[in-house]
Each structure stands twice: as structure tokens, then as C-alpha cells.
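Each remark here refers to the structure printed beneath this line.
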Amino acid sequence: MVILPIEMIVSNPTVRGGRPIIVGTRVRVQDVAAAHVFEGMSADELAAGFALTVGQVYAALAYYYAHKADFAEQWKADDLLADQMREEQSAKGRIYP
Numbered sequence: 191m192v193i194l195p196i197e198m199i200v201s202n203p204t205v206r207g208g209r210p211i212i213v214g215t216r217v218r219v220q221d222v223a224a225a226h227v228f229e230g231m232s233a234d235e236l237a238a239g240f241a242l243t244v245g246q247v248y249a250a251l252a253y254y255y256a257h258k259a260d261f262a263e264q265w266k267a268d269d270l271l272a273d274q275m276r277e278e279q280s281a282k283g284r285i286y287p
């Protein structure tokens, strides 16, 4: 038996902060996964919304599910950073939703 990789996801420290993206695009795996997990979008909806093929969507979702704990940790860190930035802007008298 030969295991054949699907090489559709890449991570490059100089592109999108080094976060995994779909090869040939600047679409982050986390954006596709978030739309699927939090918005309930189907593969066809994701493909249309992100201008991807359905195969690219499934590759992104497969990568997400294989690294789910890493994404949960990153989303948590992103939420904390967003909260911190809101607090800093509020302290300066700027209001953001």
C-alpha cells in the first residue's frame, strides 16, 4: 500500500502570518473552517464564497479536522488579542463595535 498525500495546503512564514493557506491562493484554512464551523456553510457555499474548488474546500476542512486543537488554541489567542485591542482603543476614547 502506498499513502498518497494531497498537497493542497501550505504554510509560509512570509504569507498570511505563516498560517496554513490553500495552495495558489491567499485563503487561510482557518477562514474556511470558521465559516463552516461557526456559520454552518456547506462545501458548495464555501467554494462559491471563497472562489475555491470543492476539492480545495475539502482539503482545507480535512486539514482543520486533523489539527482541530491547534485551531481552537489560535482562535482563542485571536479573541484575546481582539479584546485587548478593543480595551486599548476604548481607553483612548475610540469606540469600536
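Residue numbering for the sequence shown follows this note's numbering, starting at 191 and increasing by one per position. Built from N, CA and C at the ideal position, the CB exists for glycine as well.
Among residues of its own chain, excluding the 5 on either side of Val222, which ones have a beta-carbon nearer than 8 Å to its beta-carbon? Ile212, Leu236, Phe240, Leu242, Val247, Ala250, Leu251, Tyr254
Cut-off 8 Å between Cβ atoms - residues of its own chain near Arg209, not counting five sequence neighbours on either side: Ser201, Arg218, Val219, Gln220, Gln264
Which residues share a DSSP beta bridge with Arg218? Ile211
Give the DSSP bridge partners of Ile199, in chain order. Ile212
Apart from the five residues just before and just after Ile199, which ones in its own chain have a Cβ nearer than 8 Å to its Cβ? Pro210, Ile211, Ile212, Val213, Val219, Ala249, Ala250, Tyr253
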